[in-house]
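Colleague: Dropping the structure in here first, questions after.
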């Protein structure tokens, strides 16, 4: 008996467990699993360099888990799917939804084409805990502030049941002409790509193991410990979540199954900040391009490329800033507390537009997520819906002393300062010459002098803000 053949279109759901599209497609059918590097959508932002590295490794992990049967395609997703259904006996095409504006538009068009050709087209929620259209205020308008959104949508949420579908019985079908991942053209700079991924384990198995370890140890002091970059109290699951190697529903359920306390509650709220970012992107699709508060359209940003390049390279002369930027480039990741510090410095002390910082993060972060990245930068800049007030300007010296008090994080990424005493680690320009000499630090030579005065630049930022109040 010939079984039905369904296509499962993997996107940001590179896993087998808790994958609703895969589960639905596999009932009484064989699976033709595909991944499409959609290079023809003019409205889609090109994937960043770091994301391509993670994707390459994640696809390899997924392919291995299904017996090397994953089929790779590169080109226009619409044309590729049309070609597949016209040249094969395809019963249906199944996928989990993406929420970027260009993805919604593309998927809507593709679904209509498939249905017009008498091919089933079904999409599912495989990336969020709740759909963004499910949660509205009493007047049927979207929330713009996180706390009431969180209270209505998630604090009252019934426990979610996840049934693990037995994927071991699925029969995958492949076409040998589409089994070479290198046809996707994801890798271009092998020396950096090998270095940046070297400290990570990628794929569904690695994601599950990391989550289990976090729930055993890291979450025990999560609420306070998550602010200290040298501590091991963050989950570091963001890249795995972004590529769908583990689902947020599974993390929600696993957290709810723990003994509830301030740490578990705070981790749930952080999962919901991710949800809120997607919610904002869905209801305000111009989030990545435009200020959500229109008064910032007239903000007097400064286009100083020299400052921007020094910020990117970690050469600002402010150690906590520079350590963060070095971590970003060398590991594809940056601790969340440090992200806020370096972002605040760029948009407030250097007065450089948040979109320039957002674009650089997009290129360098493994977890470069259009919703999270855009919402995060608008939050720091003050231009978002539920943003930090513009006058909240992080002092990089005070932040370094408070959150990296023993200097271990900073010294790790700035070896030139490894012998600098704690007293002057975050303000080396104030150290006496003898202290600098003993630490083998020469300002302007092996470590830069500050590119701006922190007090004066803060005053300039506040003055600029006064112009748009």
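Numbering (my numbering), first residue to last: 409 to 877.
All C-beta atoms in this analysis are idealised placements derived from N, C-alpha and C, irrespective of residue type, glycine included.
Just so it is clear, the structure is predicted and the values come from calculations on it, not from any experiment.
Is there a C-beta anywhere in chain B that falls below 7 Å from the one on residue 795?
Modeller: Going by chain labels, chain B is absent from the structure shown, which holds only one protein chain.
Colleague: Go through its chain and collect everything with a Cβ distance to residue 746's Cβ below 6 Å, but skip five positions before and after it.
Modeller: Here the question's residue 746 lines up with position 338 in the chain shown. If we look at residue 746 and ignore the five residues flanking it on each side, its Cβ neighbours are 637, 732.
Colleague: Are there 16 or more other CB atoms within 10 angstroms of the CB of residue 577, so buried, or fewer, so exposed?
Modeller: Start at 1 with the first residue of the chain shown, and residue 577 comes out as number 169. It is exposed - the Cβ of residue 577 has fewer than 16 other Cβ atoms within 10 Å.
Colleague: How far does the beta strand (DSSP E) with residue 532 in it extend, from its first residue to its last?
Modeller: Numbered from 1 along the chain shown, position 124 holds the residue referred to as residue 532. Looking at the DSSP string, the run of the beta strand (DSSP E) that includes residue 532 is 528-532.
Colleague: Reducing DSSP to helix, strand and coil, say where residue 740 ends up.
Modeller: In the chain shown, counting from the first residue as 1, residue 740 sits at position 332. Correct three-state label for residue 740: coil.
Colleague: Taking the beta strand (DSSP E) that residue 493 belongs to, which residues open and close that run?
Modeller: Start at 1 with the first residue of the chain shown, and residue 493 comes out as number 85. First-last for residue 493: 485-495, but that is the alpha helix (DSSP H), not the beta strand (DSSP E).
Colleague: Taking the beta carbon of residue 664 as the centre, do at least 16 other beta carbons fall within 10 Å, making it buried, or is it exposed?
Modeller: Reading the chain shown from its first residue, position 256 is the one you call residue 664. With fewer than 16 Cβ atoms within 10 Å of its Cβ, residue 664 is classed as exposed.
Colleague: Compute the distance between the beta-carbons of residue 739 and residue 607, then report whether it is under 7 Å.
Modeller: Residue 739 sits at position 331 when you count from the first residue of the chain shown. Residue 607 sits at position 199 when you count from the first residue of the chain shown. Contact flag set, yes.
Colleague: Taking residue 649 as the reference, give the member of 698, 676, 777 with the closest Cα.
Modeller: As a first step, residue 649 is located in the chain shown; it is residue number 241 there, counting from the start. Considering only alpha carbons, the answer is 777.
Colleague: With DSSP as the reference, identify every bridge partner of residue 500, one or two as the case may be.
Modeller: Residue mapping note: residue 500 aligns to position 92 of the chain shown, counting from 1. Beta-bridge pairing links residue 500 to 414, 528.
Colleague: Closest to residue 545 by CA distance: which of 838, 691, 861 is it?
Modeller: Working through the chain shown from its first residue, we reach residue 545 at position 137. Of the listed residues, the one whose Cα sits closest to residue 545 is 691.
Colleague: Just the C-alpha distance for residue 521 and residue 417, rounded to the nearest angstrom, thanks.
Modeller: Working through the chain shown from its first residue, we reach residue 521 at position 113. Working through the chain shown from its first residue, we reach residue 417 at position 9. Cα atoms of residue 521 and residue 417: separation of roughly 15 Å, rounded to the nearest angstrom.
Colleague: By Cβ distance below 6 Å, which residues in the same chain neighbour residue 756 in space, the five residues on each side in sequence not counted?
Modeller: To locate residue 756, count along the chain shown from 1; it is residue 348. 801, 869, listed in sequence order.
Colleague: By DSSP, does residue 777 sit in helix, in strand, or in coil?
Modeller: As a first step, residue 777 is located in the chain shown; it is residue number 369 there, counting from the start. Correct three-state label for residue 777: coil.
Colleague: At 4 residues or longer, and completely inside the region 591-622: list those alpha helix (DSSP H) runs for me, N to C.
Modeller: You should have 598-605.
Colleague: Count the other C-beta atoms from every protein chain shown that fall within 10 angstroms of the C-beta of residue 734, then say buried if there are 16 or more, exposed otherwise.
Modeller: Within the chain shown, numbered from 1, the residue matching residue 734 stands at position 326. Burial check for residue 734: the Cβ neighbour count within 10 Å reaches 16 or more, so the residue is buried.
Colleague: According to DSSP, is residue 441 part of a helix, a strand, or is it coil?
Modeller: Residue numbering aside, residue 441 sits at position 33 when the chain shown is read from its first letter. Correct three-state label for residue 441: strand.
Colleague: Using DSSP with H/G/I as helix, E/B as strand and the rest coil, what is residue 551?
Modeller: Sequence index remark: in the chain shown, residue 551 carries index 143 (1-based). In this structure, residue 551 counts as coil in the three-state DSSP scheme.
Colleague: Under the three-state reduction of DSSP, which class applies to residue 569: helix, strand or coil?
Modeller: As a position in the chain shown, residue 569 is number 161, starting the count at 1. Reduced to three states, the DSSP call for residue 569 is coil.
Colleague: Express the C-alpha separation of residue 491 and residue 790 in angstroms, rounding to a whole number.
Modeller: Numbered from 1 along the chain shown, position 382 holds the residue referred to as residue 790. Numbered from 1 along the chain shown, position 83 holds the residue referred to as residue 491. Distance between the alpha carbons of residue 790 and residue 491: 47 Å.
Colleague: Would you say residue 679 and residue 786 are within 7 Å of each other, going by their C-beta atoms?
Modeller: As a working mapping, residue 679 is identified with position 271 in the chain shown. As a working mapping, residue 786 is identified with position 378 in the chain shown. No, Cβ-Cβ distance for residue 679 and residue 786 is not below 7 Å.
Colleague: Give every residue of the same chain whose Cβ lies closer than 7 Å to the Cβ of residue 616, excluding the five residues on either side of it in the sequence, and list them in chain order.
Modeller: For this step, residue 616 is matched to residue 208 along the chain shown. Once the five neighbours on either side are set aside, the close Cβ partners of residue 616 are 654.
Colleague: What does a CB cutoff of less than 8 Å around residue 595 pick up in its chain, not counting 5 residues either side in sequence?
Modeller: For this step, residue 595 is matched to residue 187 along the chain shown. Cβ neighbours of residue 595 beyond the five flanking positions: 460, 461, 464, 601.
Colleague: Kindly indicate the opening and closing residues of the alpha helix (DSSP H) around residue 657.
Modeller: Here residue 657 refers to the residue found at position 249 when the chain shown is read from its first residue. Its alpha helix (DSSP H) spans residues 656-664.
Colleague: Would you say the beta carbon of residue 522 is closer than 6 Å to some non-hydrogen atom of the ligand SAH?
Modeller: No copy of the ligand SAH occurs in the structure displayed, which carries no ligand at all.
Colleague: Excluding five sequence neighbours on each side, which residues of the same chain lie with their C-beta closer than 7 Å to the C-beta of residue 718?
Modeller: As a position in the chain shown, residue 718 is number 310, starting the count at 1. Excluding sequence neighbours, residue 718 sits near 724, 859.
Colleague: Let me know the secondary structure DSSP gives residue 855 once reduced to three states.
Modeller: If you number the chain shown from 1, residue 855 lands on position 447. Strand at residue 855.
Colleague: Apart from the five residues on each side of it in sequence, which residues of its chain come closer than 6 Å, Cβ to Cβ, to residue 629?
Modeller: Counting from 1 along the chain shown, the entry for residue 629 is found at position 221. Excluding residues within five positions, the ones whose Cβ falls inside 6 Å are 641.
Colleague: With distance defined between alpha-carbon atoms, name the residue in 432, 434, 540 nearest to residue 685.
Modeller: For the purposes of this step, residue 685 is taken as residue 277 along the chain shown, with counting starting at 1. It is 540.
Colleague: Nearest by alpha-carbon distance to residue 580: which of 662, 438, 728, 703 is it?
Modeller: Along the chain shown, one-based indexing puts residue 580 at 172. Ranking the options by Cα distance to residue 580, first place goes to 438.
Colleague: Can you give the Cα-Cα distance for residue 861 and residue 712, rounded to whole angstroms?
Modeller: One-based indexing of the chain shown puts residue 861 at position 453. One-based indexing of the chain shown puts residue 712 at position 304. For residue 861 and residue 712, the distance between alpha carbons rounds to 16 Å.
Colleague: Which residue marks the beginning of the alpha helix (DSSP H) containing residue 825, and which one marks its end?
Modeller: Along the chain shown, read from residue 1 onward, the residue named residue 825 stands at position 417. Boundaries for residue 825: no alpha helix (DSSP H) harbours it, and the DSSP string shows neither H nor E there.
Colleague: Straight-line CA distance for residue 472 to residue 708?
Modeller: Your numbering for residue 472 matches position 64 in the chain shown. Your numbering for residue 708 matches position 300 in the chain shown. Near 52 Å, if we compare the C-alpha coordinates of residue 708 and residue 472.
Colleague: Cα separation between residue 426 and residue 763?
Modeller: Numbered from its first residue, the chain shown carries residue 426 at position 18. Numbered from its first residue, the chain shown carries residue 763 at position 355. Computed Cα separation, rounded: 35 Å.
Colleague: Please return the same chain residues whose Cβ sits closer than 6 Å to the Cβ of residue 688, not counting the five positions on each side in sequence.
Modeller: Reading the chain shown from its first residue, position 280 is the one you call residue 688. Result list for residue 688: 695, 783, in chain order.
Colleague: Given that a residue counts as buried once 16 or more other Cβ atoms are within 10 Å of its Cβ, and exposed if not, what is residue 494?
Modeller: Against the chain shown, residue 494 aligns to sequence position 86. Its Cβ having fewer than 16 others within 10 Å, residue 494 is exposed.
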